[in-house]
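*Asks:* To start, I am sharing the structure in question, which I have written as C-alpha cells.
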Amino acid sequence: MTRVKLAFDDLALFGAPPAFDDLLHVGRPNVGDPQRLHERINTMLANRWLSNDGPLVREFERRVAEACGVKHCLAMCNGTIALEIAIRALDLSGEVILPSYTFVATAHALQWQEITPVFCDMDPATHNIDPSKIEALITPSTTGIIGVHLWGRGCDTDAIESIAAKRNLAVLYDAAHAFGCTHQGRRVGGFGRAEVLSFHATKFVNSGEGGAVVTNDDALAEKMRLMRNFGFVHFDKVNHIGTNGKMCELSAAMGLTSLDSCGDFVAVNRRNYLHYCEQLRQVRGITPIAYDSAETPNYQYVVIEVDEPAAGLSRDELIELMFAENIRARRYFWPGAHRMEPYRSYFPNAHLMLSETERVAAKVIVLPTGTAIGPSDIDAICAIMRLGLLDPARVRARIKERAAAMP
Ligand SMILES: *Cc1c(COP(=O)(O)O)cnc(C)c1O
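The sequence shown runs contiguously to residue 552 in the working numbering.
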C-alpha cells in the first residue's frame, strides 16, 4: 500500500506510518516474460547442457554482439571477472588510471592482480573521468586507462584515446552502466580495445549474475576465450593460464529473456526518468542529471544532485527523510573508491587530488526506478521530498532529535 503525503505531519519522520509498506529499492530487478524463461529452461534440461559454451550462451553472445555492433562477445559469469580477464588479456601491469567515482569493482579488478589503480578526478558536469587530469598521473609504470561510462553517459573517449595513443597505453572501458546506450551516435561496445558489460540482477538487462567483454579485436577475443575456460584449447590441451569465467546456461536463459524485453525496460526507465524530472522541476536545490538529447541512453539510473545551500537540507538528511518512508534511495559510489579499503590505506592522500569527486560524491542520490516502480510511486516519492524541503529547519531539527535519542 502507498500513502500519499499531503502535510508535514504525514511524514514518517514525525511519527506517521511510512509512505510505502514494502521497501522501495534502487535496482529492483527487471523480469522479462516468465513463460519464455521457463521454456528456455525446459529446453536446457532436455538437452542436459548446463554450461561450457552451450547453445543458450552462444545465442546470448550473438545477440549482445549484435546489439553492440561488435564482432565478438564473450559472456562471463559476472562483470567483475569479465573486467579481470580483459585487464589480463590486455597485459596490463604496473599502474592503470581510472576514475575514483565508479563502483569499487573497477578498482578491485586491477588490485586483485596486483596492478595499482591510480585514481583520477571527475568532470563534475558529466561525473565521468576528467581527461585533462590524466596526463599528470602517467608514470613510467602506467600501462593503461580504464574509462567508465557512468550512468550510461559515454566518457570522453576521443580525449582518452588521443592521450593513450600518444603515450602508448591500452584503453579499456567499463561499460557496466551503458549496455544499449549510444555515445557520439555510435553504440557503446566498440570503443577502445574492449568494453566490459555487467548483467548483474540490478542492471537493467540481467542474467541474475553475468557479464561480458565485447571487442572487435580477433586476437584479444581468442585469448579471452581461452582465459575464461582454464586455458583449454580442447579436451586435454591447455596452452594458456586461465580461470573459470564461464557464464552458465541458466544465466544465459535469464539474459536472453531479459534481452527480449530490453526495449520495454528502456521505455519504462525513460518514462520514470521524465516523470521524476517533471515532478522535481520546481524544487529548488534538486537537479536530476541530464542526458544528451542527441544520444540514446538506457535511463537505468535516476540520479539527482542535492545543492545543500539552495535546498536547505543535505543529501544525507534527504536520504534519512526518505528511508523513514521505506524509500531506499542510495548514495551511489560514495565516498569514492579512494576512500574504501585497501585504497584508503594505500593512498591516504588521494583525496587531495580528487576534489571534484569528493564534492559530487557528497551530493548524489540515486532514486528507485525500473519496472518495479510506477508513476504513482514517483508521485509519492517526490511529494515527500517537496514536503520536507518546505520546512527544512523542522526536518533538520527532527533528525537531530532522533539521533540524540539513539542509544
Ligand atoms: C555492476 C558494476 C560492475 C560489476 O559488475 P558485476 O556483474 O556486479 O560483477 C563493475 N563496474 C560498474 C561501474 C558496475 O556498475
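A virtual CB, placed ideally from N, CA and C, is assigned to each residue, including glycine.
Residue 369: buried (16+ other C-beta within 10 angstroms of its C-beta) or exposed?
*Replies:* With 16 or more Cβ atoms within 10 Å of its Cβ, residue 369 is classed as buried.
*Asks:* Starting from residue 477, follow its DSSP beta bridges and name the residues at the other end.
*Replies:* Residue 477 pairs with nothing; no bridge assigned.
*Asks:* Could you check where the beta strand (DSSP E) with residue 512 kicks off and where it finishes?
*Replies:* Unbroken beta strand (DSSP E) run through residue 512: 509-512.
*Asks:* With a 10 Å radius around its C-beta and 16 neighbouring C-beta atoms as the bar for buried, classify residue 379 as buried or exposed.
*Replies:* Residue 379 should be labelled exposed.
*Asks:* Just tell me which of 530, 280, 168 has its CA closest to the CA of residue 557.
*Replies:* Examination of residue 557 is not possible in this model, given that the chain is present from 146 through 552 alone.
*Asks:* Please tell me whether, using a cut-off of 8 Å, the distance from the CB of residue 343 to the nearest non-hydrogen atom of ligand 1 is below it.
*Replies:* At least one heavy atom of ligand 1 is nearer than 8 Å to the Cβ of residue 343, so yes.
*Asks:* Does the pairing of the region 171-186 with the region 356-375 give three or more beta-carbon distances under 8 Å?
*Replies:* Touching, no.
*Asks:* Is residue 350 buried or exposed, if buried means 16 or more other CB atoms sit within 10 Å of its CB?
*Replies:* Buried, by the Cβ-count rule.
*Asks:* Can you tell me the Cα-Cα spacing of residue 344 and residue 538, whole angstroms?
*Replies:* Cα-Cα distance, rounded: 42 Å.
*Asks:* What do you reckon, is the C-beta of residue 391 under 8 Å from a heavy atom of ligand 1?
*Replies:* Flag unset: Cβ of residue 391 not near ligand 1.
*Asks:* Taking residue 217 as part of the beta strand (DSSP E), name the residues at either end of that continuous run.
*Replies:* Looking at the DSSP string, the run of the beta strand (DSSP E) that includes residue 217 is 217-221.
*Asks:* Between which two residues does the beta strand (DSSP E) holding residue 404 run?
*Replies:* Per DSSP, residue 404 belongs to no beta strand (DSSP E); it is in the alpha helix (DSSP H), 394-405.
*Asks:* Which one of 269, 433, 224 has the shortest CA to CA distance from residue 254?
*Replies:* Measuring from the Cα of residue 254, the nearest candidate turns out to be 224.
*Asks:* Counting along the chain, where does the beta strand (DSSP E) carrying residue 386 start and finish?
*Replies:* Unbroken run through residue 386: none, as it is neither H nor E.
*Asks:* How many angstroms separate the CA atom of residue 359 from the CA atom of residue 207?
*Replies:* Straight-line Cα distance between these residues: approximately 11 Å.
*Asks:* What is the DSSP secondary structure of residue 518, reduced to helix, strand or coil?
*Replies:* Reduced to three states, the DSSP call for residue 518 is coil.
*Asks:* When the Cα atoms are used, what is the spatial distance from residue 164 to residue 471?
*Replies:* About 7 Å.
*Asks:* Note down the Cα distance separating residue 510 from residue 432, rounded to an integer number of angstroms.
*Replies:* Approximately 10 Å between the Cα atoms of the pair.
*Asks:* With the cut-off set at 9 Å, would you say residue 477 and residue 444 are in Cβ contact?
*Replies:* In this structure, residue 444 does not lie closer than 9 Å to residue 477 by Cβ.
*Asks:* For ligand 1, is there any heavy atom lying closer than 8 Å to the beta carbon of residue 295?
*Replies:* True, at least one ligand heavy atom lies under 8 Å from that Cβ.
*Asks:* What runs of the alpha helix (DSSP H), each 4 residues or longer, lie entirely inside the region 209-277?
*Replies:* If we require 4 residues or more, the alpha helix (DSSP H) runs fully inside the region 209-277 come out as 224-234, 250-256.
*Asks:* Can you tell me which of the three DSSP states residue 449 falls into?
*Replies:* Looking at residue 449 - three-state DSSP - the assignment turns out to be strand.
*Asks:* My output table needs one value for residue 281: the three-state DSSP class, helix, strand or coil.
*Replies:* Helix, per DSSP.
*Asks:* May I ask which residues mark the beginning and end of the beta strand (DSSP E) holding residue 340?
*Replies:* Run containing residue 340: 339-343, per the beta strand (DSSP E) assignment.
*Asks:* Please determine, among 430, 346, 294, the residue with the shortest C-alpha to C-alpha distance to residue 325.
*Replies:* Comparing Cα-Cα distances from residue 325 to each of 430, 346, 294, the minimum goes to 294.
*Asks:* With H, G and I counted as helix, E and B as strand and the rest as coil, what does DSSP make of residue 190?
*Replies:* Residue 190: helix per DSSP, three-state reduction.
*Asks:* Considering only the beta carbon of each residue, do residue 221 and residue 391 sit closer than 9 Å?
*Replies:* Yes; because the gap between Cβ atoms is below 9 Å, this pair is in contact.
*Asks:* How is residue 408 classed by DSSP in three states: helix, strand or coil?
*Replies:* Residue state, collapsed to three classes: helix.
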